[in-house]
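Residue numbers (our numbering): 11 to 130.
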């Protein structure tokens with residue numbers, strides 16, 4: 011049996027000021043798709059979380075091209091996930107001397123790309 015080593019290159023954006031739930035909604039749409047198809051989807055989706063995801067995807071493709079020598083046309087999004095980062099806690103004054111906690115979530119976006127096995 012021939013074992014095929016599949017190179018996978020990733021890029022990570024850390025401490026993005028956005029909820030991981032909102033980012034995962036976008037990442038679910040591009041996981042498993044080709045690089046070009048994922049770019050088109052991210053360009054036209056109406057969500058604010060598309061911008062940082064697009065930036066990470068382009069960075070992962072650049073890493074694959076520069077560090078691993080892969081062709082951008084043959085890349086596929088192999089992994090895409092958003093982990094929760096630290097939560098910034100702020101307080102807003104409310105009536106009768108009370109304080110209302112405001113939670114500002116952050117997330118770490120990871121996108122991994124690899125060569126398409128069908129293209130080889």
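We put the beta carbon where it would ideally sit given N, CA and C, even for glycine.
In this text the structure is predicted, and so the values were computed from the model without any measurement.
Can you list, in chain order, the residues of its chain whose CB lies under 6 angstroms from that of residue i, leaving out five sequence neighbours each side?
i, result
"residue 102", "110, 112"
"residue 9", "The question about residue 9 has no answer here: the residues shown for the chain are numbered 11 through 130."
"residue 32", "59"
"residue 13", "Note that residue 13 has pLDDT 44, beneath the 50 cutoff, so the model's placement of it is unreliable and no number is given."
"residue 73", "19, 21"
"residue 80", "74, 125"
List the whole-angstrom C-beta distance separating residue i from residue j, where the pair is believed to meet the contact cut-off of C-beta under 8 angstroms.
i, j, result
"residue 30", "residue 96", "Not really, about 12 angstroms apart at Cβ, beyond 8 angstroms."
"residue 62", "residue 119", "6 angstroms"
Relative to the C-alpha of residue i, which candidate in the options has its C-alpha closest?
i, options, result
"residue 94", "16, 108, 117", "117"
"residue 26", "92, 104, 106, 105", "92"
"residue 90", "67, 98, 81", "67"
With a CB to CB cut of under 7 angstroms and the five nearest residues on each side skipped, what residues in its chain are close to residue i?
i, result
"residue 70", "19, 20, 21, 121, 122, 123"
"residue 11", "With a pLDDT of 48 at residue 11, under the threshold of 50, the modelled position of that residue is not reliable, and the figure given next carries that caveat. For residue 11, where only same-chain residues beyond five positions count, there are no Cβ hits under 7 angstroms."
Starting from residue i, trace the alpha helix (DSSP H) both ways and give me its first and last residue.
i, result
"residue 46", "45 to 54"
"residue 75", "60 to 77"
Taking the straight line between their C-alpha atoms, what separation do you get for residue i and residue j?
i, j, result
"residue 23", "residue 65", "9 angstroms"
"residue 54", "residue 48", "10 angstroms"
"residue 127", "residue 16", "8 angstroms"
"residue 41", "residue 99", "32 angstroms"
"residue 78", "residue 84", "13 angstroms"
"residue 37", "residue 106", "43 angstroms"
"residue 44", "residue 28", "25 angstroms"
"residue 108", "residue 52", "42 angstroms"
"residue 88", "residue 76", "18 angstroms"
Tell me the residue span of the beta strand (DSSP E) that contains residue i.
i, result
"residue 98", "98 to 103"
"residue 37", "Note, residue 37: premise wrong, no beta strand (DSSP E); alpha helix (DSSP H) at 30 to 40."
"residue 128", "Unbroken run through residue 128: none, as it is neither H nor E."
"residue 113", "109 to 114"
Heavy atom of the ligand HEM less than 7 angstroms from the Cβ of residue i, yes or no?
i, result
"residue 48", "The ligand HEM is not among the ligands present in this structure, which contains no ligands whatsoever."
Does the beta carbon of residue i sit closer than 8 angstroms to a beta carbon anywhere in chain B?
i, result
"residue 113", "The displayed structure is made up of one protein chain only, and chain B is not part of it."
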